[in-house]
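Here the structure comes first, spelled out in structure tokens, and everything after it is commentary.
Number of protein chains: 2
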Amino acid sequence: MAVTPVAQIVSVGVAGGAADEQVATVAAALARAGLPAASRVFIEDDEAALERALRADVSLTIVLADPGGSAGEIVRRAVAGTANVRLDDHRASLPRGAALWKVADAEPAWALEAGSRAFVVLPLGGSLERTLEAHLGPFVRARLAGRGLALRVLRVVGVGLSAIDGRLADWRGPAGPAGEIEVSAVPAEGEVWVRLRARGATPAAAAETLASAEGKISALLGDDCYSCDDESLERVVGQLLAARRLTLAVAESCTGGLLGHRLTNVPGSSMYFERGVVVYSNRAKEELLGVPAAVLRAHGAVSGPCAEAMASGICRASGSDCGLAITGIAGPEGGTPAKPVGTVFIGLAVRGAVTSRRFQFAGDRASVKWQSAQMALDMLRRRLLSDGPPGAESPRPVLDPPR
Amino acid sequence: MAVTPVAQIVSVGVAGGAADEQVATVAAALARAGLPAASRVFIEDDEAALERALRADVSLTIVLADPGGSAGEIVRRAVAGTANVRLDDHRASLPRGAALWKVADAEPAWALEAGSRAFVVLPLGGSLERTLEAHLGPFVRARLAGRGLALRVLRVVGVGLSAIDGRLADWRGPAGPAGEIEVSAVPAEGEVWVRLRARGATPAAAAETLASAEGKISALLGDDCYSCDDESLERVVGQLLAARRLTLAVAESCTGGLLGHRLTNVPGSSMYFERGVVVYSNRAKEELLGVPAAVLRAHGAVSGPCAEAMASGICRASGSDCGLAITGIAGPEGGTPAKPVGTVFIGLAVRGAVTSRRFQFAGDRASVKWQSAQMALDMLRRRLLSDGPPGAESPRPVLDPPR
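Line by line, the protein sequences are chains A and B. Number 373 in the numbering used here belongs to position 383 of the first sequence; there are no gaps in the numbering. Number 326 in the numbering used here belongs to position 336 of the second sequence; there are no gaps in the numbering.
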């Protein structure tokens, strides 16, 4: 048995994006309760694979499964078997000793403690928020009583891993991690995560250690850190737009709609997101954005001038304050020696001022699309930050259409 | 030790979408080689969590990790420790006895066999296709020699799980799974997967059992099955469009770009995907699609008439053969008693003939967006199928703009 508490999340039987998202929700709840999940396991409704997962040497296993059908049966049987108790036919066939976690309007969850191990079974498919708040949080905190672990992830965009490692080296000094805190930079898709993990005799002591280190590391990261609270880049950009009462429209070529999709994943985004266009063809670029045929002829659709014309064009067409445009070669076909696969130009127009940048991304089609959207959001984010806080700016002028 | 071979995939240290995708690529390669992964495990670069994962009672563990940095070190040490061999300082610090798997232009992978267990370490980040084909496939098949396991997933869209279970019950009969084949229907995001798993004395025997069952089950599923070869719905729709030389444009409201994003995830989609518009505001619906103000006034933006006007409008504006439109309430705000959150209308125009359907989806914002895109793609797929094979139709007429 692990001496420090360790948790894992096991998702059973459902394939696809919804399960991933529920696992992420549970992982966030565990981290908030002070016990981040050490591993996430995805299995089909395969009893042998579930039994292997349940035998892992961890103190808490959270199982996410459809409570009905074969998955529910397999989970009840495997948890009872691992904990060495019998199924109780009179109580919905739960293992003996299991505690039901009920919240109104939701499928019940249940928990079983067996010696120094615990199992929690959550229903896949419904809303978990209240169950996590009302039951899982208190359960985890009670089992952690007297020990302290605090965790934070600072998300960094627009700077590479080695540069971040360099800055962290200044803080760490030559002797390695300081005190009871571990700091590590890990690569994520189109960004870098700086992970802080503090331990202490009590939760309060760990939180204090974390807060002290976080302040210093945040200062080292500056504006390159866009979130320290698990917020997505699109949500951060949305908050900056909303605070400044600015509207946004986007023009996408190689990202094909991903930028609009990400922006509109944020609830309430209709307050600032006016429209988007996906202009795959040159004809669409001319018709919808007024990109001059001369620009396309002289520089090509994948060029800085085209990206700038697209950004200006979407502002003009939509009457939005800000316009973001992406044009590039996502691959696998379409590259040339001068513009290989992964070449992407991003244009940004804010109230008539237009800029563009060229990027060269590595990776496959999906990765180039993701990194392109990421850098577009980051260009807008930095621009909004450099314009100062919302109160500091002049009153909103009538939009002067850029030419 | 497991008697039948069992494989797991362990992803170390990288968060985000790219790792998920590489895990999926490896899972597909394992399935093709006859040894589907029983579980997928995601951990951060945490040595204790990796050691727990490596101790699982499986015959093959595939580890995906960044070969450089701390993750690479942790993996080499943990695999060597689990296999009880030493690290060899003269050979890139690989465990003794490890075999290097080299392919040109790619980071090398390596494999270590220890008794009846094997470990394969693949580099995260680069292109894996050639390594999987040249090394992993032959390695797995050699270890499976003499045993047979064949697997197929039939993907079904537009029909619920219980209906599929009902049809499979006819095939299974009252006595349960037939012979050496297991058939199960599992819910996935916006679709249902029918999984076939056949066992035999040899790979050929398993493949024969599978093929026989697959024919019968395919007949039960009919056109509701869109793929039996791990192809995405957007790729299948793209193939239907390309075979018929039809072009497509899309108009999205509540999906915010997801439909365009999915369609353009398919390499070569620029052959048939002309453009997309994301019309979040009523003004954008009027300006870009010519949705009559009277329709918006009388029926609202979330209505069948609006979805049809959007589909016709995007066809007219783009000159495309087919237009798909989505308008609905993704939530969490914006629902009414008559049109609660999850109400979505999808419009389809093909060469001037326009239809629409109303859907009521359950789930959160992300899930409603996904299901909406899924049903839109399915409506187009069924329409293209109902028009018969490409050869059977009349020559392409000049587009007559619908009104």
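No residue lacks a Cβ here, since even glycine has one placed at the ideal position from N, Cα and C.
Compute the Euclidean distance between the alpha carbons of residue 285/A and residue 245/B, then round it to the nearest angstrom.
32 Å
Entirely within the stretch 220 to 281 of chain A and at least 3 residues each: give me those beta strand (DSSP E) ranges in chain order.
238 to 242, 263 to 269
Quick one: which residues of the stretch 311 to 340 of chain A get their C-beta closer than 7 Å to a C-beta of chain B? List them in chain order.
322, 323
Residue 9/A to residue 321/A span [Cα, whole Å]
29 Å
Let me know the beta strand (DSSP E) ranges lying completely inside the stretch 337 to 386 of chain A, each 3 residues or longer, listed in chain order.
343 to 350
Is DSSP giving residue 77/A helix, strand or coil here?
Strand at residue 77/A.
In whole angstroms, give me the CA-to-CA distance for residue 343/A and residue 304/A.
13 Å
Taking C-beta pairs closer than 8 Å, name the residues in chain A that residue 210/B reaches, listed in chain order.
Within 8 Å Cβ-Cβ: nothing; residue 210/B doesn't reach chain A, min ~20 Å.
Please report the straight-line C-alpha distance between residue 62/A and residue 267/A, rounded to a whole angstrom.
For residue 62/A and residue 267/A, the distance between alpha carbons rounds to 44 Å.
Could you list which residues in chain B have their beta carbon closer than 8 Å to that of residue 34/A, in chain order?
28, 176, 185
Tell me residue 85/A's beta-bridge partners as DSSP assigns them.
77/A
Take residue 3/A and list the residues in its own chain whose beta-carbon comes closer than 7 Å to its own, dropping the five residues that flank it on each side.
34, 35, 55, 56, 61
Does DSSP put residue 62/B in a helix, a strand or coil?
helix
Quick check on the DSSP output: the beta strand (DSSP E) that includes residue 187/B runs from which residue to which?
181 to 190
Neighbourhood of residue 166/A by C-beta distance below 6 Å, restricted to the same chain and skipping five residues each side
The predicted model places residue 166/A with a pLDDT of 43, which falls under 50 and marks its position as unreliable; any figure quoted below should be read in that light. The answer is none, since no qualifying residue turns up.
With a threshold of 8 Å, are at least 3 pairs of Cβ atoms found where one atom belongs to the stretch 169 to 184 of chain A and the other to the stretch 249 to 257 of chain A?
Judged by Cβ distances under 8 Å, the stretch 169 to 184 of chain A makes no contact with the stretch 249 to 257 of chain A, as fewer than three pairs qualify.
Taking Cβ positions, are residue 281/A and residue 118/A nearer each other than 8 Å?
no
Sub-8 Å separation of residue 145/B and residue 262/B beta-carbons:
In this structure, the beta-carbon distance from residue 145/B to residue 262/B does not fall below 8 Å.
Against chain A, with Cβ distances strictly below 8 Å, would residue 158/B count as a contact?
no
For the pair the stretch 324 to 342 of chain A and the stretch 103 to 118 of chain A, tell me if three or more CB-CB distances fall below 8 Å.
no
Taking Cβ to Cβ, would you say residue 140/B is nearer than 8 Å to residue 50/B?
Contact: no.
Quick one: is residue 396/A buried, meaning 16 or more other Cβ sit within 10 Å of its Cβ, or exposed?
The structure shown does not extend to residue 396/A, since chain A is modelled only from -9 through 393, so no value can be given for it.
Do you know offhand how far residue 123/B's Cα is from residue 101/A's?
Taking C-alpha positions only, residue 123/B is separated from residue 101/A by approximately 44 Å.
Against chain B: residues of the stretch 350 to 361 of chain A by CB proximity under 9 Å:
352, 353, 354, 355, 356, 357, 359, 360
Answer with buried or exposed for residue 12/A, where buried requires no fewer than 16 other C-beta atoms within 10 angstroms of its C-beta.
buried
May I have the straight-line CA-CA distance separating residue 31/A from residue 27/B, to the nearest angstrom?
12 Å
Helix, strand or coil at residue 25/B according to DSSP, with G and I counted as helix
Note: residue 25/B maps to coil in three-state DSSP.
Among 264/B, 22/B, 324/B, the one whose alpha carbon lies nearest that of residue 307/B
264/B
Can you give the Cα-Cα distance for residue 209/B and residue 203/B, rounded to whole angstroms?
10 Å
Please confirm whether residue 74/B and residue 104/B have their CB atoms less than 8 Å apart.
Yes. Within cutoff.
Residue 242/B and residue 319/B closer than 8 Å at C-beta:
no
Starting from the beta carbon of residue 263/A, find every residue of chain B whose beta carbon is closer than 7 Å, and list them in chain order.
270
Can the beta-carbon of residue 211/A be found closer than 8 Å to that of residue 184/A?
Taking 8 Å as the cut-off, the beta carbon of residue 211/A is found closer than this to the beta carbon of residue 184/A.
When you compare the CB positions of residue 248/B and residue 359/B, do they come within less than 8 Å of one another, or not?
With respect to the 8 Å criterion, residue 248/B and residue 359/B are classified as neighbours on the basis of their beta carbons.
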